[in-house]
Amino acid sequence: MKSILVPTDFSENANTAIEYACELARSFGAKVLVMNAYTPAVTQYNIVSPLIEEETGRARKLALEKLSAICGLVQNQYKPVACDTKFVVGGIVDAIEQCMEEGKADMVVMGTKGASGLDKILFGSNTTRVIEKVKRPVLAVPAGCPFQPPKRIVYATDFNNEEFGHLETLVSIAKAFGAELMVTHITTDKAALESEKMLKGNFARQVGGLTDYPAITYFVKYEENIERALDSFTTQVNADWIAMYTRERKMFEKLYNPSLTKAMAYHTKIPLLAIKG
87 MKSILVPTDF SENANTAIEY ACELARSFGA KVLVMNAYTP AVTQYNIVSP LIEEETGRAR
147 KLALEKLSAI CGLVQNQYKP VACDTKFVVG GIVDAIEQCM EEGKADMVVM GTKGASGLDK
207 ILFGSNTTRV IEKVKRPVLA VPAGCPFQPP KRIVYATDFN NEEFGHLETL VSIAKAFGAE
267 LMVTHITTDK AALESEKMLK GNFARQVGGL TDYPAITYFV KYEENIERAL DSFTTQVNAD
327 WIAMYTRERK MFEKLYNPSL TKAMAYHTKI PLLAIKG
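Residue numbers for the sequence shown follow our numbering, beginning at 87 and rising by one.
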């Protein structure tokens, strides 16, 4: 991992995400790229008026001053982490996606807020859209969750062979912090519990062939509601992070099968690492 992108709106929640990004960067010898996006008002017929240009200019100047201050703090407090900044005019999700496509970062760390009803849609939408669109790992950091080195990371698995190509990222993060990786499968079919345990053994053997990291444990649980089960399990084992593999979904899947990863990102009280397939 060479570079970590962290978007900021200069809020307290975004500052927490910057802290996480810096700690990860220090562990991996990576640099941090702090990005701010400004979306100007849209006039009728999309004609940009002088007033909007003037407002954008003021926003740019203020943002660059704040980004420079953040960069100075990062370089003073997280030596030897290098820090770059970026200001863009446009939507933050598109800016992140473009940055990743250009190979400017290997991972995104960003804050998220969870609530109910309309607040949930408004506050969580940017993070969940990034999880859905960006083809790189995304660490979603909940509000009010200061950094502490993870000692237990719960990885929710479906025992899917597609996951093996992406486990290296997760294992490397666990190694960096000496964390236990708790590979957990939730089944909603009680009758299939024993066969799922056999799959667990096969999955563990295959993972063992890919990495010699010793601090990996495996669990199979039955629960009618997967989201509730993961929430309960992470609390039970006092997990510091939860990680999930999320794949590109087709249109009809999005309509009729909402993403579990996105649902967890809305309300989890601990950081969620989404690894995109």
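Each residue gets a CB set at the ideal place from its N, CA and C atoms; glycine is no exception. None of the values given here were measured: they were computed from a predicted structure.
The alpha helix (DSSP H) that contains K147, what's its start and end? Locating residue 147 in the sequence shown gives position 61, where the first residue counts as 1. Unbroken alpha helix (DSSP H) run through K147: 136-163.
So, with DSSP's three-state summary, where would you put D170? Residue mapping note: residue 170 aligns to position 84 of the sequence shown, counting from 1. Reduced to three states, the DSSP call for D170 is strand.
Could you compute how far the alpha carbon of Q292 sits from the alpha carbon of E248? As a working mapping, residue 292 is identified with position 206 in the sequence shown. As a working mapping, residue 248 is identified with position 162 in the sequence shown. Taking the straight line joining both Cα atoms gives about 12 Å.
What is the DSSP secondary structure of T243, reduced to helix, strand or coil? What you label residue 243 is simply residue 157 of the sequence shown in a count that begins at 1. The answer is coil: DSSP assigns T243 none of H, G, I, E or B.
Throw me the rounded Cβ distance for the T213 and V175 pair, which I believe falls under 8 Å. Reading the sequence shown from its first residue, position 127 is the one you call residue 213. Reading the sequence shown from its first residue, position 89 is the one you call residue 175. Not confirmed; about 21 Å, so no contact.
Would M87 and M196 be called neighbours here (beta carbons separated by less than 8 Å)? Locating residue 87 in the sequence shown gives position 1, where the first residue counts as 1. Locating residue 196 in the sequence shown gives position 110, where the first residue counts as 1. Result no, Cβ atoms of M87 and M196 do not sit closer than 8 Å.
Buried or exposed, going by whether 16 or more other CB atoms sit within 10 Å of the CB of N324? For this step, residue 324 is matched to residue 238 along the sequence shown. Label assigned to N324: exposed.
Do you know how far the Cα of S281 is from the Cα of K307? Along the sequence shown, read from residue 1 onward, the residue named residue 307 stands at position 221. Along the sequence shown, read from residue 1 onward, the residue named residue 281 stands at position 195. Distance between the alpha carbons of K307 and S281: 12 Å.
Apart from the five residues just before and just after A367, which ones in its own chain have a Cβ nearer than 6 Å to its Cβ? The structure shown does not extend to residue 367, since the chain is modelled only from 87 to 363, so the question has no answer here.
With three or more C-beta pairs closer than 8 Å as the rule, is the segment 308-322 touching the segment 259-273? yes
Do T94 and V118 have their beta-carbon atoms positioned less than 8 Å apart in this structure? As a working note, residue 118 is residue 32 in the sequence shown. As a working note, residue 94 is residue 8 in the sequence shown. Contact flag unset, no.
Same chain only: Cβ atoms within 7 Å of K172, ignoring 5 sequence neighbours per side: Residue numbering aside, residue 172 sits at position 86 when the sequence shown is read from its first letter. Counting only Cβ-Cβ distances below 7 Å, and skipping sequence neighbours, we find L119, M121.
In the DSSP assignment, what are the bridge partners of M87? Residue numbering aside, residue 87 sits at position 1 when the sequence shown is read from its first letter. Beta-bridge pairing links M87 to no other residue.
In chain order, what residues of the same chain lie with their CB nearer than 6 Å to the CB of V257, ignoring the 5 residues before and after it? Stepping through the sequence shown from its first residue, residue 257 is reached at position 171. Answer for V257: T297, Y299, listed in chain order.
For K307, which of helix, strand or coil comes out of DSSP? Reading the sequence shown from its first residue, position 221 is the one you call residue 307. Taken through DSSP and simplified to helix, strand or coil, K307 comes out as strand.
Those runs of the beta strand (DSSP E) which lie wholly inside the segment 242-306 and span at least 3 residues: 266-273
Smallest Cα separation from N99: which of P232, R333, C185? Position 13 of the sequence shown, counting from 1, holds the residue named residue 99. Measuring from the Cα of N99, the nearest candidate turns out to be P232.
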